[in-house]
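All the letters of the sequence shown, read from the start, carry residue numbers 734 to 1035 under this note's numbering.
Okay, structure first, notes after.
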Amino acid sequence: MRPEVILSHPAKVLTAEQRRFYFANGYLHLPAFLGRAWLDRLDKVVNGFVEESRAWTTSDSKFDLETGHSAEQPRLRRLSQPVAHHETFWELTANSPITDLAADLLGPDVKFHHSKLNFKWAGGGQEVKWHQDLPFWPHTNDSVLTIGVYLAEVDETMGPMGVVPGSHRRELFSLYDTKHQWTGALDASALDRAGLERAVYLSGPAGSVTIHHCRTIHGSRPNRHPTRSRPLLLQSYSSADALPVTPYVMPCRYDGAIVRGHYARTIEFEGGQAEAPPDWSGGYSSIFALQQGDEAAGAYRG
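Put into structure tokens, the structure is as follows:
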């Protein structure tokens, strides 16, 4: 759905200025947006999954483990598709102020795409290299975004989300390297024209929200804090008239669910070309494994 059409609908939670800022810059930062009641519920659920992960020794389609993970000292990179593993995550995604944010920026008809919980563990939790989301999961149009919720306070040492303002209106970069291998990150040869000198890093107290457009260049540094992890819960949505061109690599029962409004009777197409992601029918691990060049990064392990 086009921005001018979206803006013609009344907002639920955002101001007119915030909506215009998002469409102009490709991101939005809302410090302390999600309230304490929600955070307490989420903390309890997340702590339960951390405890569960102690029994894992290899990454699989549920837990993506960082090097050094053990029962005594868990180190998680990601819980994949948390909405498939606990109803609290789905409630937040489908019926909460987070869903209202999606409707304010995608229009009244909103479709769920996927979710993930990135932990970025204390004392070196891995970076996420600069990339754009659309090449990972191309759609018929780019009315697609991701909303992140910091479940704990995040300062500049902890690898906060970084975005390049206005990059959603510029080049759509390849995530293949010069040897035509998918890396999930901008190639080093492209970094000098990516505008990284304009990058803004979005820190804040627990409950702060980051929103980025699917074409916005974004990434995050390693977590250098010695004791505090940076759990970031991410929900991706599209306007209902944006159809995914390729299936998501980690499907769940909520794929394509309409979380606001109605199913779209028409599909909106946008001109131009986008590279297709690789054939992941044999399995997929995570963006962390791909970007770090882990062995068998393109397949499930476990």
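Here a beta-carbon is modelled for each residue, glycine too, at the ideal position from N, C-alpha and C.
All figures in this text were calculated on a predicted structure; none of them were measured in a lab.
In the DSSP output, which residue or residues are listed as bridge partners for residue i?
i	result
Y934	G895
F845	Y970
L809	L798
W915	Y909
L878	H946 and Y970
P977	H872
L763	V942
L965	N851 and Y883
G1015	Per DSSP, none; premise fails for G1015.
G928	According to DSSP, which records beta bridges pairwise, G928 is partnered with nothing at all.
G858	N956
Please report the distance separating the alpha-carbon of residue i from that of residue j.
i	j	result
L1023	G840	33 Å
P736	P955	34 Å
Y1033	A1009	Confidence in Y1033 is poor, its pLDDT being 33 and thus under 50, which makes the residue's placement unreliable; the coordinate value appears in the next sentence. When rounded, the distance between both Cα atoms is 20 Å.
V933	S848	23 Å
D1012	S907	16 Å
D920	P898	19 Å
P807	L767	27 Å
D974	G856	42 Å
T911	A749	43 Å
A990	Q968	13 Å
G1026	H742	44 Å
P959	R752	37 Å
L949	Y760	First, the residue type needs correcting, since residue 949 is Thr and not Leu in the sequence shown. Whole-angstrom Cα-Cα distance: 7 Å.
H762	T791	35 Å
L740	D833	14 Å
G1015	D793	13 Å
A817	W823	8 Å
N874	R961	38 Å
D925	V992	39 Å
R998	T821	30 Å
E799	L884	19 Å
S786	V877	31 Å
D837	A744	5 Å
Looking only at C-alpha atoms, which of the options sits nearest to residue i?
i	options	result
R986	T800, H819 and G937	H819
H872	Q859, W863 and F845	F845
V778	L825, Q806, P893 and E805	L825
Y981	E1001, A1007 and Y1017	Y1017
Q1006	L761, P868 and H742	P868
Y996	E784, P830, R811 and V843	V843
D888	V896, P938 and A927	P938
W915	S953, F1021 and P984	F1021
P815	H946, G801 and N780	N780
E860	R810, G801 and R769	R810
D776	L965, S922, I831 and P984	L965
L812	E784, P830, L838 and D837	E784
S971	E930, V746, F796 and W870	W870
Applying the 10 Å Cβ sphere with the 16-neighbour rule, what's the burial state of residue i?
i	result
V978	exposed
S803	exposed
N851	buried
K853	buried
N828	exposed
F1002	exposed
P725	Shown here, the chain extends from 734 to 1035; a query on residue 725 therefore has no answer.
E805	exposed
H946	buried
A918	buried
A835	buried
R902	exposed
D773	exposed
H913	exposed
P984	exposed
S1019	buried
I1000	exposed
How is the alpha helix (DSSP H) around residue i delimited, first residue to last?
i	result
W1050	With the chain covering 734 to 1035 only, the question about residue 1050 has no answer from this structure.
I950	Element bounds for I950: n/a, residue is neither H nor E.
Y755	A749 to N758
V887	Per DSSP, V887 belongs to no alpha helix (DSSP H) and is neither H nor E.
A1022	I1020 to Q1025
L839	P830 to L839
P736	P736 to L740
Looking at the unbroken beta strand (DSSP E) that takes in residue i, where does it start and where does it end?
i	result
W823	Note, W823: premise wrong, no beta strand (DSSP E); alpha helix (DSSP H) at E820 to A827.
V992	I991 to R993
V816	Element bounds for V816: n/a, residue is neither H nor E.
V861	V861 to H864
Comparing the CB of residue i with every heavy atom of the ligand FAD, is any distance shorter than 7 Å?
i	result
V992	Questions concerning the ligand FAD fall outside what the structure shown contains, since it holds no ligand whatsoever.
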